Structures are given as C-alpha cells and as structure tokens.
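Q:
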Amino acid sequence: MAGKVLVVTGGGRGIGAATCVLAARRGWEVCVNYASNGARAEQTVERCREVGARAVAVQADVASEADVERLFAAADDLGPLGGLVNCAADTGPRGRLDELEDVAGVERVLAV
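Counting from 42, one number per residue, gives the positions in the sequence shown under our numbering.
If you want it as structure tokens, here you go:
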C-alpha cells in the first residue's frame, strides 16, 4: 500500500484510531478525520508518524457535503486515495425508532 492514502472517518479515537495506526504500520499514508476532538486526532497522527507513515488530521463533519469535499481535498494532498474506512458515528437519541420524537436527532444519526 506504499504511497496510497487511507481516509478514516472518526479516526481520532476508539476503533477509528486503532484502524489508523494499523494502516500506518502496514504502509498506508493516513488521513485522520475527526468531528470535534482535535487533540485526540493529533495523538492518532503522532502514533501513525511514529511507525513511519505520513499522516494528517482533518476536522470535518461527515454529514456536511462541503466538509467532506474539504476532507478529500486534504487527503489528495497526501497522495492517491486507496481506501476509505467509515468509523464516524453519532449515537443520537435512543429507543425504538417508531417511538422517537427527536426527528432531527434521528436524521443526524442517519446523515453521519
């Protein structure tokens, strides 16, 4: 995968961060997407760099088309896109879907 870029949405923590580091160890350049916690995303970037990968953190709300375009423009700066892993999530309201009154919250979960 040398020279190929992997975009990982939700890459700043949890499964997304672990995916970024594993990909870096396997030779990918990594674009770490995050929604709000830039410090955690930068920690993931540093872990990727420690194993020799080029990596960048990019803030983008994956529910926003303009943000997604900016995310992929930043990824293009690293090199040719080779893969995408979607780990971004918004847990939103909880309960049975047919009983939820927070329509905007449900729409947000589905958008992400």
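Built from N, CA and C at the ideal position, the CB exists for glycine as well. All figures in this text were calculated on a predicted structure; none of them were measured in a lab.
With DSSP as the reference, please indicate the residues paired to A59 in a beta bridge.
A: Indexing the sequence shown from 1 puts residue 59 at position 18. None; A59 has no bridge partner.
Q: Going by C-alpha distance, which of V46, A58, T50 and K45 is nearest D108?
A: The sequence position of residue 108 within the sequence shown is 67, counting from 1. When only C-alpha atoms are compared, the closest one is T50.
Q: Measuring only the C-alpha atoms, how far is R111 from A82?
A: Taking the sequence shown and counting its residues from 1, one reaches residue 111 at position 70. Taking the sequence shown and counting its residues from 1, one reaches residue 82 at position 41. Rounded to whole angstroms, R111 to A82 spans 17 Å at the Cα level.
Q: Are there any heavy atoms of the ligand MG lying less than 7 Å away from the beta-carbon of V86, as far as the coordinates show?
A: The model on display carries no ligand, and the ligand MG is accordingly not part of it.
Q: Taking the alpha carbon of A114 as the reference point, which residue from W69, V73 and C128 has its own alpha carbon closest?
A: Here residue 114 is taken as the residue at index 73 of the sequence shown, counted from 1. The residue with the shortest Cα to Cα distance from A114 is V73.
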